[in-house]
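Report on the structure given below.
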Amino acid sequence: MIMQHALSLAIWLPIVGGIAVLTTGGDDNAPMARRLALMVALLAFLATLPLYAGFRVDTHAMQFIEDLAWIDAFNIRYRLGIDGISLLMILLTSFSTVLVVIASWQVIQNKVAQYLAAFLIMEGLMIGVFSALDGILFYVFWEAMLVPMFIIIGLWGGPNRVYATIKFFLYTFLGSVLMLVAIIYLYYQAGSFDILAWHNQKLAHLPQILIFVAFLAAFSVKVPMWPVHTWLPDAHVEAPTGGSVILAAIMLKMGAYGFLRFSLPIVPDASHELAWLMILLSLVAVVYIGLVALVQQDMKKLIAYSSIAHMGFVTLGFFIFNVQGVEGAIAQMVSHGFVSGALFLCVGVLYDRLHSRNISDYGGVANRMPVFAAFMMLFAMANAGLPGTSGFVGEFLVILGAYQANFWFAFLAATTLIFGAAYTLWMYKRVIFGEIANKHVAELTDISSREGLFLGILAIAVLVMGLWPAPFLDVMHTSVEHLLKQAMTSKLL
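Per the numbering used here, the very first residue in the sequence shown carries number 7; after that it's consecutive.
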């Protein structure tokens with residue numbers, strides 16, 4: 007019975023738990039709110055594990071399907087299901103939320119219950135995005151998850167948080183309006199909002215192009231792709247550490263996921279016809295944004311631009327239409343969730359002590375925080391794509407797939423290994439190595455057991471995926487092959 011409703015449990019447990027955390031009241035009850043939030047986050051993570059344990063890797067069919075009537079007048083249904091691609095994203099979401107709750111334990115001191123509840127509610131909504139098989143249900147989850155992040159940045163963010171939240175909301179919301187138009191058009195063509203039925207729907211050439219552009223408007227902003235990326239550095243800089251972690255680890259993946267669930271299988275002809283544009287935009291992100299990252303003086307901004315460059319790898323992998331490219335892109339999505347989340351948490355550890363993100367305010371941190379320096383070194387190397395870390399797996403497969411498509415695609419994509427190493431190690435050298443720069447650095451203390459816990463868990467994840475990627479690749483392989491088969495089949499009328 008539980009397995010029949012495993013996805014609903016994964017979605018609604020954190021949402022209901024988040025509401026329960028809200029009922030704990032004001033900051034007088036903050037310890038209770040923290041303990042309850044951690045318990046809910048752990049239970050929500052445990053609730054997603056049976057999805058992996060019970061997942062069949064030998065079929066491309068959607069699994070754990072739930073299908074209930076919702077709005078009969080328009081044939082809108084509460085329809086859920088996952089494949090190997092969405093499974094990995096759901097596990098990453100529940101895993102990251104646990105770490106954010108632990109990382110926020112002592113950092114957030116005002117409106118604690120509301121802060122933690124926002125993350126739990128957002129977790130359920132994000133899992134809903136990855137599970138929805140009804141177009142309207144997908145859209146509701148897609149839009150609703152913006153609200154908790156808007157609140158998180160707006161209430162607990164930096165001095166320019168209002169500007170950052172408005173920019174974040176307008177960019178992401180306006181792009182989604184065109185997606186809604188495309189969803190309504192597909193409903194009238196197919197007679198339902200069933201996403202899987204849309205995969206088999208034949209469409210004329212012009213509608214395919216227009217639908218692709220509509221989806222591109224929504225998904226490219228969320229990734230974000232160049233040139234609609236400018237909201238991300240502002241949002242990251244102003245967001246609290248937990249907000250930056252979820253923004254980088256999960257929310258950016260939703261745009262990429264949208265390409266896999268909507269663009270490639272629904273409008274494959276338009277996807278092929280406009281693949282040159284997607285590849286061009288992806289390579290610009292890899293090369294140009296990598297160079298932009300090199301000149302950043304704020305650690306959070308540098309990691310934010312690094313995220314844009316790495317997500318350029320993801321969209322490149324999708325639109326070269328081979329197994330290595332797509333599997334590498336999905337592996338990169340998972341790895342980026344680990345590595346970018348870890349780097350933002352590292353910046354948060356330093357910020358909690360010195361209240362500065364400027365690289366120039368640091369230097370010689372390793373002399374005072376050797377354990378922290380070792381953790382950050384691992385994550386910096388993973389960000390640069392060092393073999394043996396999770397960062398290498400996806401980048402290697404995407405470059406391999408790009409080489410099969412075109413040598414120059416692979417050559418330009420491979421420059422990220424140089425730029426990534428340059429800006430990441432440049433930041434690491436300036437912050438961690440050298441003599442102790444000032445009296446503030448001299449007063450630093452090494453990480454606490456709580457900080458060691460969440461950094462240690464992420465270090466294990468980065469190394470396990472880097473040394474043993476099979477559990478990640480095997481679960482997605484059949485789903486990717488089926489997706490590519492759909493993407494290679496013409497659906498022109």
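Yeah, the Cβ is synthetic: ideal placement off N, Cα and C, and Gly gets one too. All of these numbers come straight from a predicted model, not from anything done at the bench.
Query raised in the report: With 16 other CB atoms within 10 Å as the buried threshold, where does Val227 fall?
Result: Counted from its first residue, the sequence shown places residue 227 at position 221. Buried: at least 16 other Cβ atoms inside 10 Å.
Requested in this report: Ignore the nearest five residues each way along the sequence and tell me which others in Val481's own chain have a CB closer than 8 Å to its CB.
Outcome: Reading the sequence shown from its first residue, position 475 is the one you call residue 481. If we look at Val481 and ignore the five residues flanking it on each side, its Cβ neighbours are Tyr58, Phe61, Val63, Gly90, Leu93, Leu94.
Report task. Taking all protein chains shown into account, decide if Val486 is buried (16 or more other Cβ within 10 angstroms of its Cβ) or exposed. Result -> Reading the sequence shown from its first residue, position 480 is the one you call residue 486. Per the 10 Å Cβ criterion, buried.
Query raised in the report: What are the start and end residues of each continuous beta strand (DSSP E) run of 3 or more residues lying completely inside the segment 59-122, in chain order?
Result: 69-77, 82-88
**Report entry** Same chain, Cβ closer than 7 Å to Ala151, five either side skipped, listed in chain order
**Finding:** What you label residue 151 is simply residue 145 of the sequence shown in a count that begins at 1. For the record, residue 151 in the displayed sequence is Met; it is not Ala. Contacts found: Met128, Leu131, Met132, Val135.
Query raised in the report: Does the separation of the CB atoms of Asp240 and Ala138 fall below 8 Å?
Result: Walking along the sequence shown from the start, residue 240 turns up at place 234. Walking along the sequence shown from the start, residue 138 turns up at place 132. Going by C-beta atoms, Asp240 is not nearer than 8 Å to Ala138.
Query raised in the report: Out of curiosity, what's the CA-to-CA distance linking Leu122 and Thr30?
Result: Translated into positions along the sequence shown, residue 122 becomes position 116. Translated into positions along the sequence shown, residue 30 becomes position 24. Distance from the CA of Leu122 to the CA of Thr30, rounded to the nearest whole angstrom, comes to 11 Å.
Query raised in the report: From Gly32, Ala119, Ile295, Gly400, pick the residue whose C-alpha is nearest to that of Ala43; which is it?
Result: Residue mapping note: residue 43 aligns to position 37 of the sequence shown, counting from 1. When only C-alpha atoms are compared, the closest one is Ala119.
Query raised in the report: Among Gly248, Asn35, Tyr194, which has the Cα closest to the Cα of Thr99?
Result: Here residue 99 corresponds to residue number 93 of the sequence shown, with the count starting at 1. For Thr99, the closest alpha carbon among the candidates Gly248, Asn35, Tyr194 is that of Gly248.
**Report entry** Between the CA atoms of Val146 and Gly87 - distance to the nearest angstrom
**Finding:** Position 81 of the sequence shown, counted from the start, is the residue given in the question as residue 87. Position 140 of the sequence shown, counted from the start, is the residue given in the question as residue 146. Taking the straight line from one Cα to the other gives about 16 Å.
Query raised in the report: Under the rule that 16 or more other beta-carbon atoms within 10 Å means buried, what is Leu289, buried or exposed?
Result: Translated into positions along the sequence shown, residue 289 becomes position 283. The residue is buried, with at least 16 neighbouring Cβ atoms inside 10 Å.
Query raised in the report: Hey, is the segment 196-208 in contact with the segment 249-260, meaning 3+ C-beta pairs nearer than 8 Å?
Result: With a cut-off of 8 Å, the segment 249-260 and the segment 196-208 do not count as touching, because too few Cβ pairs lie within range.
Query raised in the report: Thr65 to Val468, Cα distance in whole Å?
Result: Counted from its first residue, the sequence shown places residue 65 at position 59. Counted from its first residue, the sequence shown places residue 468 at position 462. Distance between the alpha carbons of Thr65 and Val468: 28 Å.
Query - Helix, strand or coil at Leu450 [DSSP, three-state] - result: As a first step, residue 450 must be located in the sequence shown, where it is residue number 444. Coil, per DSSP.
Report task. Report the option in Ile189, Ser198, Leu49 whose CA atom is closest to the CA atom of Trp76. Result -> As a working mapping, residue 76 is identified with position 70 in the sequence shown. Out of Ile189, Ser198, Leu49, Ser198 has the C-alpha closest to the C-alpha of Trp76.
Query - Where the alpha helix (DSSP H) through Tyr368 begins and ends - result: Against the sequence shown, residue 368 aligns to sequence position 362. From DSSP, Tyr368 is part of no alpha helix (DSSP H); its letter is neither H nor E.
Report task. Kindly indicate which three-state DSSP category Asn389 falls into: helix, strand or coil? Result -> Locating residue 389 in the sequence shown gives position 383, counting from the first residue. Reduced to three states, the DSSP call for Asn389 is helix.
**Report entry** Whole-angstrom distance between Gln330 and Ala346, CA atom to CA atom
**Finding:** Here the question's residue 346 lines up with position 340 in the sequence shown. Here the question's residue 330 lines up with position 324 in the sequence shown. The residue asked about is misnamed: residue 346 is Ser in this sequence, not Ala. If you take the alpha carbons of Ser346 and Gln330, they lie about 23 Å apart.
**Report entry** Spatial distance of Phe265 from Gly400 (CA atoms)
**Finding:** Position 259 of the sequence shown, counted from the first residue, corresponds to residue 265. Position 394 of the sequence shown, counted from the first residue, corresponds to residue 400. Roughly 18 Å between the two C-alpha positions.
Query raised in the report: Whose C-beta lies closer than 7 Å to the C-beta of Phe218 among residues of the same chain, with five residues either side of it excluded?
Result: As a position in the sequence shown, residue 218 is number 212, starting the count at 1. Excluding sequence neighbours, Phe218 sits near Ser269, Val273, Ala276, Ser277, Leu280.
Query raised in the report: Who does Asn373 pair with in a DSSP beta bridge?
Result: Mapped onto the sequence shown, residue 373 falls at position 367. DSSP, once it has assigned bridges, lists no residue as partnering Asn373.
Query - Cβ neighbours of Leu473 in the same chain (closer than 8 Å, five flanking residues each side left out) - result: Walking along the sequence shown from the start, residue 473 turns up at place 467. So the list reads Gly394, once near-sequence residues are dropped.
Query raised in the report: Among the residues of its own chain, which have a CB less than 6 Å from the CB of His316, if the five just before and after it don't count?
Result: What you label residue 316 is simply residue 310 of the sequence shown in a count that begins at 1. Taking C-beta separations shorter than 6 Å and ignoring five residues to either side along the sequence, the partners of His316 in its chain run His342, following chain order.
**Report entry** Beta-carbon contacts of Asp140 that lie in its chain and below 8 Å, excluding the five residues immediately before and after
**Finding:** Your numbering for residue 140 matches position 134 in the sequence shown. Within the same chain, Asp140 has close Cβ partners Trp76, Ile82, Arg83, Tyr84, Arg85, Phe199, Asp200, Ile201.
Report task. Report the three-state DSSP secondary structure of Ala43 (helix, strand or coil). Result -> By one-based count along the sequence shown, residue 43 stands at place 37. Ala43 falls in the helix class under three-state DSSP.
**Report entry** Endpoints, alpha helix (DSSP H) assigned at Met151
**Finding:** Start at 1 with the first residue of the sequence shown, and residue 151 comes out as number 145. First-last for Met151: undefined, no H or E at that position.
Query raised in the report: For the alpha helix (DSSP H) that Gly249 lies in, which residues bound it at each end?
Result: Position 243 of the sequence shown, counted from the start, is the residue given in the question as residue 249. Taken as a continuous stretch (DSSP letters only), the alpha helix (DSSP H) holding Gly249 covers 247-252.
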